[in-house]
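Q: For the sequence shown, my numbering gives the first residue as 188, with consecutive numbering after it.
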Amino acid sequence: MKGPLFYSKILLFGEYGIIKDSKGLSIPYSFYNGALKKDENPSQDAIKSNESLKRFADHLKNIDDTIVRFDNDRLQEDVKSGMYFDSSIPQGYGVGSSGALVAALYDKYAFDKITVLENLTREKLLKLKSIFSEMESFFHGKSSGLDPLNSYLSIPILINSKDNIEATGIPAQQSQGKGGVFLLDSGIIGETAPMVGLFMEKMKQEGFRSMLKNQFIKHTDACVDDFLKGDVKSLFRNTKQLSKVVLNHFKPMIPKQFHELWKKGIETNEYYLKLCGSGGGGYILGFTEDIEKAKQSLSGYKLEVVYNF
């Protein structure tokens, strides 16, 4: 048995800001993916995955029926017979490993499911998002439901505000383009819950709240608009500002050994770094007008280009 593939995602803009109604833009990233599977001779990883699926299946049983109903008997049977989630998506890297699993289980076991083939009205997208939020809370304590939504639909999602999301198109990639968006491997696994906890603690300070609104959200919203319009010049101006704001106000979310590297990018304009997901490790997202220059500048690090300008 092998189910359909569900992709990882990259939140290009909106980390932390979307908690406070900034815009956001999330795109599927097919390089990493996962699928539900059963094997005759499961590996150690498969056995471990099956163990955590058991716990997750119990969580799904407790979700209010008015939100979503699952074929729990069939799910429990499949889990008992060794089903696991076979995934190449790195965990704790900010690319939505739990989101893909949530999407796969909803796809296979939900009754009356909303499918990607129907007309995806705003109401349907919000309903899916709230279902996925309930499901994914098992992993993060509090989830926006956006990662699974992206993974399930496999299309870019534009977040205008908490209650206003839409499927969107992004400008076609320029395969010969010099500029690009890349993932930089920090080599450290990040934990979402403590980082979000830290953010919520900071939100108690008046100064942090006003910085979030007047700087962080302002530049995030501008980046989303620039990216969708294909205004690359303005995008890099705003990404530089965003990178500065994050370095100044979100330092605890940036692994210590990357503080200098972050600063170097802003000073040389060779690349600009930002958080990918909640930070604390995992991937760091980079934007550059010259990918070759950025590669030289970051020659000691693992770089993956995800989009070309």
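Glycine included, every Cβ here is placed at the ideal spot set by N, Cα and C.
Would you identify the three-state DSSP class for glycine 367, choosing helix, strand or coil?
A: In the structure shown, glycine 367 sits in a strand (DSSP, three-state: E or B).
Q: Would you mind giving the Cβ-Cβ distance between serine 529 and glycine 377, rounded to the nearest angstrom? I have them listed as a contact below 8 Å.
A: Outside the modelled stretch of the chain, which goes from 188 to 496, sits residue 529, for which no answer is possible.
Q: Count the other C-beta atoms from every protein chain shown that fall within 10 angstroms of the C-beta of valine 303, then say buried if there are 16 or more, exposed otherwise.
A: By the 10 Å Cβ count, valine 303 comes out exposed.
Q: What's the C-alpha gap between glycine 498 and glutamine 363?
A: Look at the range of the chain in this structure, 188 to 496, and you will see that residue 498 is not part of it.
Q: Starting from the Cα of tyrosine 339, find the closest Cα among Ser236, Ile214, Met387, Gln392 and give me that residue.
A: Per the Cα distances, Ile214.
Q: Between the alpha carbons of valine 293 and lysine 450, how many angstroms are there, rounded?
A: Reading the sequence as shown, one finds tyrosine at residue 293 and not valine. Each residue's Cα considered, the two are about 42 Å apart.
Q: So, at 6 Å on beta carbons, what are the nonlocal neighbours of lysine 420 in its own chain, with the 5 sequence-adjacent residues on each side left out?
A: Answer for lysine 420: no residue qualifies.
Q: Considering only residues of the same chain and omitting the five flanking positions on each side of histidine 436, which have a CB-CB separation below 6 Å?
A: Counting only Cβ-Cβ distances below 6 Å, and skipping sequence neighbours, we find Met398.
Q: Could you tell me the distance, in whole angstroms, from the CA atom of lysine 482 to the CA atom of asparagine 249?
A: Whole-angstrom Cα-Cα distance: 48 Å.
Q: Where asparagine 456 and glycine 279 are concerned, what is the direct C-alpha to C-alpha distance, given to the nearest angstrom?
A: Going from the Cα of asparagine 456 to the Cα of glycine 279 covers about 29 Å.
Q: What whole-angstrom Cβ distance do tyrosine 271 and lysine 224 have, given they're in contact under 8 Å?
A: Their Cβ separation, rounded to whole angstroms, is 6 Å, which keeps tyrosine 271 and lysine 224 in contact under 8 Å.
Q: Could you spell out the range, first to last residue, of the alpha helix (DSSP H) harbouring leucine 490?
A: Leucine 490 -> not in any alpha helix (DSSP H); beta strand (DSSP E) instead, spanning 490 to 495.
Q: Three-state secondary structure (DSSP) at tyrosine 280?
A: In this structure, tyrosine 280 counts as coil in the three-state DSSP scheme.
Q: By Cβ distance below 6 Å, which residues in the same chain neighbour phenylalanine 395 in space, the five residues on each side in sequence not counted?
A: Correct list, in chain order: Lys389.
Q: Return helix, strand or coil for lysine 459, following the three-state DSSP convention.
A: One point to set straight first is that residue 459 is tyrosine, not lysine, in the sequence displayed. Strand at tyrosine 459.
Q: Could you have a look at leucine 212 and say whether DSSP puts it in helix, strand or coil?
A: Three-state result, leucine 212: strand.
Q: How is lysine 224 classed by DSSP in three states: helix, strand or coil?
A: Reduced to three states, the DSSP call for lysine 224 is strand.
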